[in-house]
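Numbering that gives the first Met the number 0 puts the sequence shown at residues 0 to 218.
The beta carbon of each residue, even a glycine, is placed where N, CA and C say it ideally should be.
Structure first, commentary second.
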Amino acid sequence: MLRKLWLWVWGGEPPVFPREATWVTIFSTAFMLMDEYNILRNLGLPLDEATESLVLYLIFPLLTLPWLGRSPREYGLTLGRWREALPLVGLTWVVAAGVEAASVYLDPSVRAYYRPLWSATYPWWVLTDLIGWEFIFRGYLLFAYARAFGVGAAMWLQMVPFALMHVGKPAAETFSTLFGGVWFAILAWRGRSVLYPILAHWFIGWFVAFIAVVLAGAV
Numbered sequence: 000m001l002r003k004l005w006l007w008v009w010g011g012e013p014p015v016f017p018r019e020a021t022w023v024t025i026f027s028t029a030f031m032l033m034d035e036y037n038i039l040r041n042l043g044l045p046l047d048e049a050t051e052s053l054v055l056y057l058i059f060p061l062l063t064l065p066w067l068g069r070s071p072r073e074y075g076l077t078l079g080r081w082r083e084a085l086p087l088v089g090l091t092w093v094v095a096a097g098v099e100a101a102s103v104y105l106d107p108s109v110r111a112y113y114r115p116l117w118s119a120t121y122p123w124w125v126l127t128d129l130i131g132w133e134f135i136f137r138g139y140l141l142f143a144y145a146r147a148f149g150v151g152a153a154m155w156l157q158m159v160p161f162a163l164m165h166v167g168k169p170a171a172e173t174f175s176t177l178f179g180g181v182w183f184a185i186l187a188w189r190g191r192s193v194l195y196p197i198l199a200h201w202f203i204g205w206f207v208a209f210i211a212v213v214l215a216g217a218v
């Protein structure tokens, strides 16, 4: 009876779900919703926004790996191909510095959003926050999707939730994630490690606030 109902729901032809890709989609979506509603902090856990991201987007996904039958290395937690990836990270820093300086200078919403965030400890706060972010998108999702659908599709698929998680930030930044998210995926795939998008995203994350303060007298 249940099988007939299942076949009826799917029009007589049951779908084939790639097991790993299906589960990482379910798990990662749940973790993002928990982040959106501050579930862990609302439970009274002594976490700020950055450490909550680290728990939800790094620790929690790692806890699912026995169920998925994979090792951390298979999701990019390795040094990888550093000789190939580090020059691309350096290129990213140079290009991002120019783009962010122009964005801060030209867009009042970017200045208003980021200028109050800067402090001497802000780069370390950003690093704590982005380790989890890069693992969930450029490790957990990217490598699982690459195994299921091929790396080209995986790069675009992981970008979708990454872009949606930027809603509420300045519009220019949110739209930039359509391509920035794919570039971070390229760094992860070329280096076979999440370390390289972490380094790239970390610079972008703190430099925009820093340059907003530096240019305060010029705009």
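Check                                                                                                                                     : Outcome
What number of angstroms, rounded off, separates the C-alpha of ARG137 from the C-alpha of GLY75?                                         : 8 Å
For the alpha helix (DSSP H) containing TRP9, list its first residue and its last residue.                                                : No alpha helix (DSSP H) holds TRP9; DSSP gives it neither H nor E.
Taking only three categories from DSSP, how would you classify VAL93?                                                                     : helix
Taking the continuous alpha helix (DSSP H) assigned at PRO115, which residues delimit it?                                                 : Taken as a continuous stretch (DSSP letters only), PRO115 belongs to no alpha helix (DSSP H), as it is neither H nor E.
Taking 8 Å as the threshold, find out whether the region 173-191 comes into contact with the region 50-66 through three or more Cβ pairs. : no
Is LEU87 near ILE185, with beta carbons less than 9 Å apart?                                                                              : yes
Pull up the distance between the alpha-carbon of PHE155 and that of PHE174, whole angstroms please.                                       : Before going on, a small fix: residue 155 reads as Trp here, not Phe. Answer to the nearest angstrom: the Cα atoms are 14 Å apart.
Helix, strand or coil for VAL98 per DSSP?                                                                                                 : helix
When the Cα of ALA152 is compared with those of PRO45, PRO107, ALA20, which residue comes out closest?                                    : ALA20
Tell me whether ARG72 is buried or exposed, calling it buried when 16 or more other Cβ atoms sit within 10 Å of its Cβ.                   : exposed
Just to confirm, is the Cβ distance from VAL207 to GLU99 under 9 Å?                                                                       : yes
Roughly how many angstroms separate the alpha carbons of ARG80 and LEU194, rounded to a whole number?                                     : 10 Å
Do you know offhand how far VAL166's Cα is from THR176's?                                                                                 : 10 Å
Please say whether TYR139 and ALA211 have beta carbons closer to each other than 9 Å?                                                     : no
I need the DSSP call for VAL15, collapsed to helix, strand or coil.                                                                       : coil
How big is the Cα-Cα spacing for ARG223 and ARG69?                                                                                        : Lying before the first or after the last residue shown, residue 223 is absent from the chain, which here runs from 0 to 218.
Sort out for me which residues DSSP pairs VAL166 with in a bridge.                                                                        : LYS168
Exposed or buried, MET158, counting other C-beta atoms within 10 Å across all chains shown (16 or more means buried)?                     : buried
Taking 8 Å as the cut-off, does the region 40-54 touch the region 118-133 (at least 3 CB pairs, one atom from each stretch)?              : yes
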